[in-house]
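The structure appears below as structure tokens.
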Amino acid sequence: MAQSPLIAQKTEFQRALLAWYRVHQRKLPWRTAPSLYKTVVSELMLQQTQVKTVLPYLARWVEVFPNFKALAAASEEQVVKNWEGLGYYTRARNLHKLAKALIALPAIPETREAWMELPGIGPYTSAAITSISFGTRAAVVDGNVVRILTRLTADATPFRDSASASKALAPLADALLNHDEPGDHNQAMMELGATVCHRNNPLCTICPVLTLCSAGRNGDPESYPKLAAKVIEQRSVSRVWCVQKGKLLLHRTAGDARRLANMHELPAAEHLGLDESAFAGPDAKLIAKKKRGITRFAITESIYELPASRLSKDSLSRTGLVWVAVAEIDTLTLSGPHKRWVSELLRS
DNA sequence: AACCCGGGGCA
DNA sequence: TGCCCAGGGTT
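Take the first sequence: its letter number 43 is residue 43 in the UniProt record's numbering, and every next letter is one higher.
Here's what the structure looks like:
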């Protein structure tokens with residue numbers, strides 16, 4: 001890598017990138033009126049989530065929880081409720097824990113290593129927060145940077161996944177980092193990836209570093225990075241729709257569960273101790289068939305309407321089951337898909 | 001290193 | 001429908 005022509009033109013690259021960023025950066029809330037708090041909240045929200053999706057959540061979040069102290073003082077229920085619909089809810093719990101940890105410290109840490117110790121903060125987020133807020137010389141490597149770096153150098157290495165690509169490209173990202181403006185350099189890299197160096201149809205004609213880009217000059221930028229195709233596994237789940245006396249039966253996942261802790265969904269067959277035969281009878285009616293995807297799973301959820309009389313006392317006494325008045329459902333936290341499906345089924 | 005997290009948007 | 005997105009945690 002030391003012999004990379006790109007490294008030899010490092011200064012030219014940095015200047016062109018930063019000059020472009022000064023002019024063309026989008027006005028985003030964490031840039032317009034920056035603060036450590038907004039930077040941290042936005043970075044956690046932006047993990048695996050696009051800018052456009054984050055914007056309304058961030059705006060509401062800083063209204064409800066204006067600073068670390070307010071966030072630390074909030075209940076976990078309130079914190080997760082305000083994350084409802086963003087997905088990957090562990091991020092919300094981690095942000096809550098982080099706020100509590102931070103206000104308990106004698107001083108706000110300013111090193112990447114110290115931030116790495118905090119919940120929800122890994123290699124990317126620690127570099128982003130410390131470079132932007134404290135000028136720490138740490139290069140970020142996210143999906144945008146992977147795309148830019150592999151195109152700049154026409155790096156045809158086949159990567160198993162984006163995590164291994166990030167790790168492999170970290171040295172190059174570090175070597176290119178502008179030590180005078182690490183925060184802006186990092187943001188400029190990501191901004192270039194988000195607005196010019198698109199995955200498909202990259203706008204090479206307006207790219208500030210086209211002359212330094214191997215793939216761009218070769219005319220095949222779209223062929224980078226070379227990532228292995230993800231293997232998707234099909235799964236299916238049966239859910240129960242049961243309304244009695246104006247109340248809907250829901251399942252609340254345990255607070256220490258690995259997935260969807262303290263969140264509500266329509267009860268799955270297993271939550272009621274039912275097997276597939278329970279849905280074969282004449283009083284079970286398939287009322288919806290829905291699909292959801294997460295990471296490597298494509299899940300089909302079949303929702304069966306079942307009369308309450310069909311459920312045994314033993315089934316209904318299982319832990320996590322709750323009867324919720326239809327009017328009260330909005331006060332609970334549901335997973336994004338179930339929030340939509342329940343509201344859809346209640347209307348019909 | 002591999003797997004999990006059970007989201008959401010977009011072409 | 002397939003693929004990507006300002007990833008991190010666990011084993």
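Even for Gly, the Cβ is constructed at its ideal location relative to N, Cα and C.
Three-way DSSP call (helix, strand, coil) for residue i in this model
i	result
H251	strand
Q3	Model confidence at Q3 stands at a pLDDT of 47, short of 50, so the residue's coordinates are unreliable; what they give is reported in the following sentence. Three-state DSSP puts Q3 in coil, outside helix and strand.
F134	helix
T49	coil
A298	strand
Q9	coil
P109	coil
P56	helix
Own chain, CB closer than 8 angstroms to residue i, minus 5 neighbours either side, in chain order
i	result
M1	Per-residue confidence for M1 stands at a pLDDT of 47, beneath the threshold of 50, marking its modelled position as unreliable; no derived number is given.
Beta-bridge partners of residue i, as assigned by DSSP
i	result
V324	L248
H264	R252, L334
V243	L248
A288	I303
E233	F297
F159	L227
S238	S302
When the options are compared against residue i, the one with the closest alpha-carbon
i	options	result
Q47	K10, A72, Y21, N94	N94
T153	Y224, Q14, P66	Y224
I294	V79, Y88, W241	Y88
A104	G320, K69, R259	K69
A284	L345, R340, V240	V240
K245	E191, S309, F279, A228	S309
V23	W83, A107, A188, I303	A188
Distance, residue j Cα to residue i Cα
i	j	result
A328	K247	In the sequence under discussion, the amino acid at residue 328 is Glu, which differs from the Ala named in the question. Roughly 9 angstroms separates the two Cα atoms.
residue 369	A215	Here the chain covers residues 1 to 348 and nothing more, so residue 369 does not appear.
V243	K291	22 angstroms
L266	T300	14 angstroms
A128	I121	10 angstroms
R199	T11	26 angstroms
L71	V196	36 angstroms
T150	L55	29 angstroms
residue 357	L249	Given a span of 1 to 348 for the chain in the structure shown, any question on residue 357 remains unanswerable.
V322	H251	6 angstroms
C207	T333	43 angstroms
Cutoff 6 angstroms; reference residue i; Cβ partners in own chain excluding five residues on either side
i	result
P158	K226
R340	none
E110	F134
S126	R112, W115, M116
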